[in-house]
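K.L.:
Okay, handing you the structure first.
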Amino acid sequence: MKSVQLVAHGTPGRFEVCHLPDPQPTRGEVVVQVLACGLNHLDLWLEEGGLPIPIQLPRTPGCEIAGRIGACGEGVRDWKQGDRVAVQSNIYCGQCEYCARGEESLCLNSEMVGVQRDGGFAEQVVVPERALARLPDNVDFETSAALTLAGSTATHMLTSRVAVKAGDWVLVMGASSGVGSAAIQIARQLGARVIATASSLEKQDLARRLGAEHVVNANNESWPAEVRKITNKHGVDLIVEHVGGKVLEQAFNCLARGGAIVTCGATAGRDVTLNLWPIFVKEQRLIGSYGRNRVDLQSTLEWAAAGTLRPVIHRIFPLAETPLAFAALRERTVLGKLVIRSSSA
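Numbering (the numbering used here), first residue to last: 384 to 728.
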């Protein structure tokens, strides 16, 4: 099979398009014929060697996989060759105390496909059957590949980590990102009033098209004051944050009393300085969110099938041009998602 492998870390890293033996499933595993795979900032961290976990190279990246089952290993009973599937990127063990409670995002033994094991920038990938979700007939492979990691991350943030109420003010950071573009739509369908941040006119227009009532310029240092003005000094009840660094520090300046920031990333920096006084005086919360639970992935696919959650796909690259897709994401000019389409599609 053809595969794109990262063979050396860097910015950019060094990739090779190579031919590898077709993967063979062991007991409880399936081979998925990859038809589309989404690109995420997580892939950039892998490329540059910026993840706080050891990575064995060469590695085939790609976390957001959609395709058809090509072969089933011994003991696989609920799936058959040809079934349309999405792959849950955080592969959970199914045995620890957290998995037993349905909290797969907290699994003690989880692996990330495309990071700790080979992923979907290839014609085929092998995964445990528990990582599969059935793809609804009316959801195409590119839609799945643009939603099942970024979209389900937003779902987890807004439904599992916090509970959005009708009428809440929700601020979504980075409207044009995969998480941000999904979070705007999810918050709106849950009845929230949405404000978004965006760094260019094109990204601001996208935020409005997705359903944001107001959009503030992320390049303007006074954006927190603008958010407070929009909400008549009340502040926002919830902030969907995935930037980190100074942006997270600024976000507290526009958070309402009793409000919460739910954060799932740190693309602008992992070290922050916080003034604790207003946090406890105003009873505010900073909530971490990682990955997704099974129910979040299923909800995301159901919303996609119903047409209430639609991905923003900026461009689809062929498998051989995967390094060019990495470069495009690194330049921060992307509106929504980049998707890699396997040459086997």
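Don't be surprised by glycine CBs; every beta carbon is placed ideally from N, CA and C.
By Cβ distance below 6 Å, which residues in the same chain neighbour residue 443 in space, the five residues on each side in sequence not counted?
P.N.:
Locating residue 443 in the sequence shown gives position 60, counting from the first residue. Cβ neighbours of residue 443 beyond the five flanking positions: 386, 388, 501, 502, 504, 505.
K.L.:
Residue range of the beta strand (DSSP E) that residue 438 falls in?
P.N.:
In the sequence shown, residue 438 corresponds to position 55, counting from 1. Residue 438 -> no beta strand (DSSP E), and no H or E assigned at all.
K.L.:
Which of the three DSSP states, helix, strand or coil, is assigned to residue 700?
P.N.:
Stepping through the sequence shown from its first residue, residue 700 is reached at position 317. Strand at residue 700.
K.L.:
Kindly indicate which residue of 627, 458, 528, 643 has the alpha-carbon position closest to the one of residue 548.
P.N.:
For the purposes of this step, residue 548 is taken as residue 165 along the sequence shown, with counting starting at 1. Checking every option, the nearest Cα to that of residue 548 belongs to 643.
K.L.:
Output needed for residue 574: all residues of its chain with C-beta closer than 6 Å, excluding positions within five of it in sequence on either side, in chain order.
P.N.:
Within the sequence shown, residue 574 is the residue found at index 191, counting from 1. Around residue 574: 549.
K.L.:
Mapping DSSP to helix, strand and coil, what is residue 482?
P.N.:
Within the sequence shown, residue 482 is the residue found at index 99, counting from 1. Reduced to three states, the DSSP call for residue 482 is helix.
K.L.:
Give me the residue from 700, 479, 628, 518 with the minimum Cα distance to residue 471.
P.N.:
Locating residue 471 in the sequence shown gives position 88, counting from the first residue. The residue with the shortest Cα to Cα distance from residue 471 is 518.
K.L.:
Please classify residue 568 as buried or exposed, where buried requires at least 16 other C-beta atoms within 10 Å of its C-beta.
P.N.:
Looking up residue 568 in the sequence shown gives position 185. Buried is the call here.
K.L.:
Cβ atoms of residue 557 and residue 580: under 8 Å apart, would you say?
P.N.:
By one-based count along the sequence shown, residue 580 stands at place 197. By one-based count along the sequence shown, residue 557 stands at place 174. Taking 8 Å as the Cβ cut-off, residue 580 and residue 557 qualify as a contacting pair.
K.L.:
State yes or no: is the C-beta of residue 666 within less than 8 Å of the C-beta of residue 641?
P.N.:
Start at 1 with the first residue of the sequence shown, and residue 666 comes out as number 283. Start at 1 with the first residue of the sequence shown, and residue 641 comes out as number 258. Taking 8 Å as the Cβ cut-off, residue 666 and residue 641 qualify as a contacting pair.
K.L.:
Mind checking whether residue 456 and residue 412 have CB atoms under 8 Å apart?
P.N.:
The sequence position of residue 456 within the sequence shown is 73, counting from 1. The sequence position of residue 412 within the sequence shown is 29, counting from 1. In contact: residue 456 and residue 412 (Cβ atoms closer than 8 Å).
K.L.:
In this structure, how does DSSP classify residue 398 when only helix, strand and coil are distinguished?
P.N.:
Taking the first residue of the sequence shown as 1, we reach residue 398 at position 15. It is a strand residue.
K.L.:
First and last residue of the alpha helix (DSSP H) that includes residue 629?
P.N.:
Residue mapping note: residue 629 aligns to position 246 of the sequence shown, counting from 1. Element bounds for residue 629: 628-634.
K.L.:
Just list the alpha helix (DSSP H) runs in the segment 549-636, keeping only unbroken ones of 4 residues or longer that don't cross its boundaries, in chain order.
P.N.:
Segments of the alpha helix (DSSP H) lying fully in the segment 549-636: 561-572, 584-593, 606-613, 628-634.
K.L.:
Does DSSP put residue 646 in a helix, a strand or coil?
P.N.:
For the purposes of this step, residue 646 is identified with residue 263 of the sequence shown, where counting begins at 1. Strand.
K.L.:
Hey, how far is the Cα of residue 355 from the Cα of residue 706?
P.N.:
Because the chain here runs from 384 to 728, residue 355 falls outside it and cannot be looked at.
K.L.:
What's the gap between the Cα of residue 608 and the Cα of residue 636?
P.N.:
Taking the first residue of the sequence shown as 1, we reach residue 608 at position 225. Taking the first residue of the sequence shown as 1, we reach residue 636 at position 253. About 8 Å.
K.L.:
Can you give me the start and stop residues for the alpha helix (DSSP H) that residue 525 sits inside?
P.N.:
Numbered from its first residue, the sequence shown carries residue 525 at position 142. 524-530 is the span of the alpha helix (DSSP H), which, as asked, contains residue 525.
K.L.:
Quickly, what does DSSP pair residue 348 with across the bridge? List them, please.
P.N.:
This structure cannot settle anything about residue 348, because the visible part of the chain is limited to 384 through 728.
K.L.:
Measuring from the CB of residue 508, is there a heavy atom of the ligand PLP at a distance below 7 Å?
P.N.:
With respect to small molecules bound, the structure shown includes none, and the ligand PLP cannot be examined in it.
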